[in-house]
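A.B. asks:
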Amino acid sequence: MAKFFVHEKALCESETIGDNTRIWAFSHILKNVTIGEDCNFGDHSFVESGVKIGNRVTVKNGVAIWNGVTIEDDVFLGPNCVLTNDFYPRSKIYHAEDVKTLIKKGASIGANATIVCGITLGEYSLVGAGSVVTKDVPPFALVVGVPAKVIGYVSAFGEKLTFKDGIAKDSQNKTYKMVDGKVSLEA
Amino acid sequence: MAKFFVHEKALCESETIGDNTRIWAFSHILKNVTIGEDCNFGDHSFVESGVKIGNRVTVKNGVAIWNGVTIEDDVFLGPNCVLTNDFYPRSKIYHAEDVKTLIKKGASIGANATIVCGITLGEYSLVGAGSVVTKDVPPFALVVGVPAKVIGYVSAFGEKLTFKDGIAKDSQNKTYKMVDGKVSLEA
Amino acid sequence: MAKFFVHEKALCESETIGDNTRIWAFSHILKNVTIGEDCNFGDHSFVESGVKIGNRVTVKNGVAIWNGVTIEDDVFLGPNCVLTNDFYPRSKIYHAEDVKTLIKKGASIGANATIVCGITLGEYSLVGAGSVVTKDVPPFALVVGVPAKVIGYVSAFGEKLTFKDGIAKDSQNKTYKMVDGKVSLEA
C-alpha cells in the first residue's frame, strides 16, 4: 500500500514512489516515473515519463522535469528553475534523442535558473538564482551569471567555504580539501 | 461574509482576505496568509503561510510568494517573476531563518525577473523583465540586467522620467525631485 | 463537434480550436481565443482572451500567452518562457494599449527565455534558453544572452548552419542563402 502523499488537487499517475514523498496541489506526475523516499514536490510541479529521481529531493513550485534528466539523492530544485532536453527545439520535429542532463547528489539549483541540456552538475554544486548554466559545474562550486561562472565554493550544509592552504571547515565540523582546484569532502 | 472571489479551480485556505480581491484558476493561497483589498492573483500563483500582502496588489500568473517576503500596497509582480528566501539552499536543510525581502509601495517586478533574498525594492521602483536583482533598488529607479543596474527612473504612472535641473514631470502632472541622486514624488 | 482534446484537469473556455489540438492538465484557455490545428499546450499553460495562435504550435509547460501576442504556424514556445505586453507595468494602471509582439512562422523560444514586448521574432529564428530578447530577431538567427545577440543561424529542422560563399545546406537537403547578412530558405 502506497505510503506517499498526493494532495487532492494533484494528479499522480505513477505508483513507483517512495515512502513519505509528498506531492502538492496542481502538480502532475506522469506514468513511468520513479521517485525515491522523503521527496517533496511543490505546487505546479511536473515530472515527465521516463524520469528517475533519488531520495530526499526537494522540487520547489513550478519546476518541470523532462525525460533525459536524472536527479540523484538530496538535490534541491529551486522555484521555477528550468531544465531542458533539446539544443535546437522546433515544433513537431523530434531529434534523434533527448539530450541528457545529470544532477548529482546534493546539488542545488537556485530559483529561476536555467540548465541547458547535456550538462552535469557536480555533487553539492550550487547554481545561483537566475543563472544560465551552459557547461558542467564542478563539485561544491557556486556558479552565477549568464553564462554561469564559478565564483566560489559552498559546503554540503549550504555555506560559503573559505580555503586556507587547501583546507576549509564548515559549521558542521566537516572538512573540505581543494586539490588542483577540485573540492572534495573528507570522509 | 467573504466578499473576495475564489475561482472554482483555485484553492484558498485563508479567510483574512480583503474585499474585491480575486484569486484565479489553479492558484493556491495557504493558511495564515493576509491579503488586502482589490488584489488580483493570476492563474497558477501561490502564497505560502505567513505572508502579508497589501491592497491593490497585482500578482500575475505563475508567481510564488514565500514566507519572508513582505509586499506593500500597489505592487505589481509580473508573470513568472521569482522570489526567494534562502541564499544557499540545500534539500532538507533548514537554515536559521528565512532571509527577508521587502517590496515597497508601488514597486513593479517585470516578467521572469529574479529577486535574490535580503533585498528591499524601493517605492515605485521597476525591475525590467528577465533581470536578476542582487542588491537594494532605490525608489523610482528602473533596473535591468544580470545583475540588475539602475539605467533610469520611472513615474508612479509607469513612464520614463527625464530630469532637468533635478525636476521631472509625468503625464499625470505630478512632479518628481532628484536630490543627491535620490528621487521622490512631490506631495 | 469538437475534435480537440482537453484534459479533464484543464479548463478550456473557447471552442474556436482546431482539430487534434491537445490541452493538457492544469492549463487554462480563456474565452475568445483562436487556436489552429495540431497544437499542443503543456501542463500549466495559459492563453488570455484575444490571442490568435496558428497551426502546429507547441506550447511547453508554464507558458502564458497574453493579449497583444500573435503566434504564427509551427512556433515552439519552450518551458517557462515568458511573454509580456507592457513596458512599464504598474498595478491597476492600464496604459493606452497592449504593446504588440509577433512570433513568426517556425520561430522557437528556448526554455525560460524572456521576450520584451514590441518585438518581432523572425521566421525560424531561435532564442536560446534563459535569454532576454530586447529587439527584433532576424529570420533563422540564433540569439543568446542578456540582452540577446545573434551568434549564428539555424535551419528550419533545428541544426546550426555553416555558410560558405553565402550558401548552407541542412541535413534535410534544404538550401539556405545569406544575402547582405539576411538568411532565407531556397524554395
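Those protein sequence lines, which keep their order, are chains A, B and C. Residue numbers for the first sequence follow our numbering, so the first one is 74 and each next one is one higher. Residue numbers for the second sequence follow our numbering, so the first one is 74 and each next one is one higher. Residue numbers for the third sequence follow our numbering, so the first one is 74 and each next one is one higher. Ideal Cβ placement from N, Cα and C applies to all residues, glycine included.
Quick one: any contact between the region 245-257 of chain B and the region 74-87 of chain C, if contact means 3 or more CB pairs under 8 angstroms?
C.D. replies: With the cut-off at 8 angstroms, the region 245-257 of chain B and the region 74-87 of chain C do not touch.
A.B. asks: Mind checking who histidine 101 of chain B pairs with in its DSSP beta bridge?
C.D. replies: Histidine 101 of chain B pairs with B:Leu84 and B:Phe119.
A.B. asks: Assuming contact is defined by CB atoms lying nearer than 8 angstroms, are valine 106 of chain C and serine 122 of chain C in contact in what I supplied?
C.D. replies: Against a cut-off of 8 angstroms, the Cβ pair of serine 122 of chain C and valine 106 of chain C comes out as a contact.
A.B. asks: Going by alpha carbons, who is nearest to alanine 221 of chain B out of B:Asp146, B:Asp238, B:Lys237 and B:Ile192?
C.D. replies: Checked all of B:Asp146, B:Asp238, B:Lys237 and B:Ile192; the closest Cα to alanine 221 of chain B is B:Ile192.
A.B. asks: Look at the alpha carbon of proline 212 of chain C and the alpha carbon of lysine 255 of chain C, and state the distance between them as a whole number of angstroms.
C.D. replies: The straight-line gap from Cα to Cα measures roughly 7 angstroms.
A.B. asks: If you follow the beta strand (DSSP E) that leucine 175 of chain B is part of, which residue opens it and which one closes it?
C.D. replies: Per DSSP, leucine 175 of chain B belongs to the beta strand (DSSP E) from 174-176.
A.B. asks: Please check if any C-beta of chain B sits within less than 8 angstroms of the C-beta of asparagine 140 of chain C.
C.D. replies: It does not: the Cβ of asparagine 140 of chain C has no partner Cβ on chain B nearer than 8 angstroms.
A.B. asks: Using the Cα positions of lysine 125 of chain B and valine 142 of chain B, report the straight-line distance between them to the nearest angstrom.
C.D. replies: Rounded to whole angstroms, lysine 125 of chain B to valine 142 of chain B spans 8 angstroms at the Cα level.
A.B. asks: Can you have a look at threonine 89 of chain A and say buried or exposed, based on whether 16 or more other CB atoms are within 10 angstroms of its CB?
C.D. replies: So threonine 89 of chain A ends up on the exposed side.
A.B. asks: Determine the closest residue to tryptophan 97 of chain C out of C:His117, C:Glu86, C:Gly91 and C:Val205, with distance taken between C-alpha atoms.
C.D. replies: The option with the nearest alpha carbon to tryptophan 97 of chain C is C:His117.
A.B. asks: Considering only the beta carbon of each residue, do isoleucine 144 of chain A and valine 130 of chain A sit closer than 8 angstroms?
C.D. replies: Their beta carbons are under 8 angstroms apart, which means isoleucine 144 of chain A touches valine 130 of chain A by this criterion.
A.B. asks: Should the region 161-177 of chain C be regarded as contacting the region 225-234 of chain B, the criterion being three or more beta carbon pairs within less than 8 angstroms?
C.D. replies: With the cut-off at 8 angstroms, the region 161-177 of chain C and the region 225-234 of chain B touch.
A.B. asks: Count the other CB atoms within 10 Å of the CB of isoleucine 240 of chain B; is the residue buried (16 or more) or exposed (fewer)?
C.D. replies: So isoleucine 240 of chain B counts as exposed.
A.B. asks: Taking DSSP as the reference, what is the three-state secondary structure of arginine 129 of chain A?
C.D. replies: Reduced to three states, the DSSP call for arginine 129 of chain A is coil.
A.B. asks: Using a Cβ-Cβ cutoff of 9 angstroms, what residues of the region 101-121 of chain A are near chain B? List them in chain order.
C.D. replies: So the list reads Asp111, Cys112, Asn113, Gly115, Asp116 and His117, given in the order they occur along the chain.
A.B. asks: Exposed or buried, what is tyrosine 197 of chain B when buried is set at 16 or more other beta-carbons lying within 10 Å of its beta-carbon?
C.D. replies: Flag for tyrosine 197 of chain B reads buried.
A.B. asks: Residues of the region 181-207 of chain B in Cβ contact with chain F at a cutoff of 9 angstroms, in chain order, please.
C.D. replies: No chain F is present in this structure, whose protein chains are A, B and C.
A.B. asks: Can you give me the C-alpha to C-alpha distance between asparagine 93 of chain A and isoleucine 108 of chain A, rounded to a whole angstrom?
C.D. replies: The alpha-carbon atoms of asparagine 93 of chain A and isoleucine 108 of chain A are separated by roughly 11 angstroms.
A.B. asks: Is the beta carbon of threonine 174 of chain A closer than 8 angstroms to that of alanine 202 of chain C?
C.D. replies: Not a contact, by the Cβ cut-off of 8 angstroms.
A.B. asks: Need the endpoints of the beta strand (DSSP E) that serine 257 of chain A sits in, please.
C.D. replies: Residues 255-258.
A.B. asks: On the DSSP bridge list, what partners appear for asparagine 113 of chain C?
C.D. replies: Paired residue(s): C:Arg95 and C:Thr131.
A.B. asks: How close, in whole Å, do the beta carbons of leucine 215 of chain B and valine 223 of chain B come, if the pair is a contact with beta carbons under 8 angstroms?
C.D. replies: Rounded, the Cβ-Cβ distance is 7 angstroms, consistent with contact.
A.B. asks: Starting from valine 148 of chain A, follow its DSSP beta bridges and name the residues at the other end.
C.D. replies: In DSSP, valine 148 of chain A forms no bridge with anything.
A.B. asks: Can you give me the start and stop residues for the beta strand (DSSP E) that alanine 214 of chain A sits inside?
C.D. replies: Element bounds for alanine 214 of chain A: 214-217.
A.B. asks: Looking at phenylalanine 114 of chain A and histidine 101 of chain B, is the spacing between their C-beta atoms short of 8 angstroms?
C.D. replies: Their beta carbons are not under 8 angstroms apart, which means histidine 101 of chain B does not touch phenylalanine 114 of chain A by this criterion.
A.B. asks: What in chain C is Cβ-close to threonine 131 of chain B, meaning under 9 angstroms?
C.D. replies: Correct list: Pro162, Arg163, Ser164 and Lys165.
A.B. asks: CA-CA distance, asparagine 153 of chain C and aspartate 238 of chain A?
C.D. replies: Going from the Cα of asparagine 153 of chain C to the Cα of aspartate 238 of chain A covers about 43 angstroms.
A.B. asks: At the level of alpha carbons, what is the spacing between aspartate 159 of chain C and isoleucine 176 of chain C?
C.D. replies: Cα-Cα distance, rounded: 17 angstroms.
A.B. asks: Please confirm if valine 256 of chain C has its CB atom under 8 angstroms from at least one CB of chain A.
C.D. replies: Valine 256 of chain C does not count as touching chain A.
A.B. asks: So, at 6 angstroms on beta carbons, what are the nonlocal neighbours of phenylalanine 78 of chain B in its own chain, with the 5 sequence-adjacent residues on each side left out?
C.D. replies: The residues are Arg95.
A.B. asks: At the level of alpha carbons, what is the spacing between lysine 104 of chain C and serine 87 of chain C?
C.D. replies: Cα to Cα, lysine 104 of chain C sits roughly 5 angstroms from serine 87 of chain C.
A.B. asks: So is asparagine 246 of chain C in contact with chain A if we call contact Cβ pairs under 8 angstroms?
C.D. replies: Asparagine 246 of chain C does not count as touching chain A.
A.B. asks: From the DSSP output, in three-state form, read off serine 244 of chain C for me.
C.D. replies: DSSP places serine 244 of chain C in coil when its eight states are reduced to three.
A.B. asks: Using 8 angstroms for Cβ pairs, my map puts threonine 187 of chain B next to alanine 184 of chain A. What's the rounded Cβ distance?
C.D. replies: Sure, about 6 angstroms apart at Cβ, within 8 angstroms.
A.B. asks: Roughly how many angstroms separate the alpha carbons of valine 210 of chain C and glutamate 259 of chain A, rounded to a whole number?
C.D. replies: So the two alpha carbons sit approximately 50 angstroms from each other.
A.B. asks: In the structure shown, what three-state DSSP assignment does serine 198 of chain B receive?
C.D. replies: Correct three-state label for serine 198 of chain B: coil.
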